[in-house]
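Per full-length UniProt numbering, the sequence shown starts with residue 1, numbered consecutively. By construction, the Cβ of each residue, glycine as well, lies at the ideal position given by its N, Cα and C atoms. These numbers were taken from a predicted model, which means no experiment stands behind them. So the structure is just underneath, and the comments pick up after that.
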Amino acid sequence: MTATTTPPGWEDILDEGETILWQGQPRPGIVTRGWSFADTAMGIFFMVFSTVWIGMALNITSGFRNPPFFIGIFPLFGGIFFCIGFWNAIGHRFWKSYMLTRTYYTVTSKRAFIATNPPFGGRSLKDYPIGKDSELELIDGDPGSVQFALQTRTASFRRSKASFGGARRTYTSKVPVLFHRIDDARKVYRHLRDVQQDARRR
């Protein structure tokens with residue numbers, strides 16, 4: 001969708017003079033970008049390990065006529081590991097693909113917006129100003145994707161596992177912010193470049 005007027009619901013969000021240039025949604029499908037072999041391998045390991053756990057635990061508990069409560073639920077602990085493994089292997093990919101159907105993209109004359117409407121937790125709307133230094137990148141394809149920002153993520157770890165008082169080491173990484181799997185990626189990329197050029201002229 002391309003628009004030059006402010007549609008209902010955007011009146012209190014857009015700045016004065018800011019107009020909507022494009023709106024759209026991701027194409028449904030399995031997200032393969034960023035697939036981690038390590039996460040998948042670890043997930044499969046957890047699933048195999050938990051399956052063996054459950055089988056052995058059921059074999060042990062079957063020897064009890066009236067097992068104590070803890071013994072009776074012992075096989076269920078394997079189910080926890082199985083769920084963790086399934087999520088790491090493929091589950092999170094299906095969740096991301098499902099969330100694409102509840103994600104909405106907007107480009108204005110100043111910003112890029114990503115709106116999400118998850119089944120729980122409430123709707124969210126994030127905006128990313130497009131400036132002269134914005135990291136724009138076209139990931140061509142059918143469908144394609146467009147990067148328009150980089151977010152910094154920070155993680156801290158203790159150097160010594162044996163001591164809670166050990167020094168902490170902080171790691172930072174740059175994570176791309178994108179419009180994923182859109183049909184008119186080149187058109188959106190041109191819109192964002194035009195917005196960036198306008199920002200450079202100001």
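Item                                                                                                                                                                         : Value
Could you tell me the distance, in whole angstroms, from the CA atom of residue 82 to the CA atom of residue 55?                                                             : 12 Å
Where does residue 187 fall in DSSP's three states?                                                                                                                          : helix
Using the Cβ count rule (16 or more neighbours within 10 Å means buried), how would you classify residue 80?                                                                 : exposed
Hey, residue 146 and residue 178 are a contact pair by Cβ (cut 8 Å); roughly how many whole angstroms apart?                                                                 : 6 Å
From this set, 95, 138, 173, 136, which residue's C-alpha is nearest residue 154's C-alpha?                                                                                  : 173
Where does residue 37 land, buried or exposed, given buried means 16+ other C-beta within 10 angstroms?                                                                      : exposed
One question on the structure: do residue 26 and residue 182 come within less than 8 Å of each other, judged by their Cβ atoms?                                              : yes
What does a CB cutoff of less than 6 Å around residue 163 pick up in its chain, not counting 5 residues either side in sequence?                                             : Only weak support is given to the placement of residue 163: the predicted model assigns it a pLDDT of 49, under 50, and the value that follows is read from those uncertain coordinates. Excluding residues within five positions, none has a Cβ falling inside 6 Å.
Can you look up residue 196 in the DSSP assignment and give me helix, strand or coil?                                                                                        : helix
Tell me whether residue 111 sits in a helix, a strand or coil according to DSSP, three-state version.                                                                        : strand
List the residues that DSSP assigns as beta-bridge partners of residue 173.                                                                                                  : 153
Throw me the rounded Cβ distance for the residue 108 and residue 18 pair, which I believe falls under 8 Å.                                                                   : 5 Å
Enumerate in chain order the residues of its own chain whose CB-to-CB distance from residue 57 is below 8 Å, with the five nearest sequence positions on each side excluded. : 74, 75, 77, 78
Within 10 Å of its beta-carbon, does residue 50 have 16 or more other beta-carbons around it, so buried, or fewer, so exposed?                                               : buried
Do you know how far the Cα of residue 121 is from the Cα of residue 95?                                                                                                      : 15 Å
On the DSSP bridge assignment, give the partners of residue 128 in chain order.                                                                                              : 112
Could you give the C-beta distance for residue 195 and residue 130, rounded to a whole number, given that I count them as a contact under 8 Å?                               : 4 Å
So which of 192, 119, 151 has the shortest CA-CA distance to residue 23?                                                                                                     : 192
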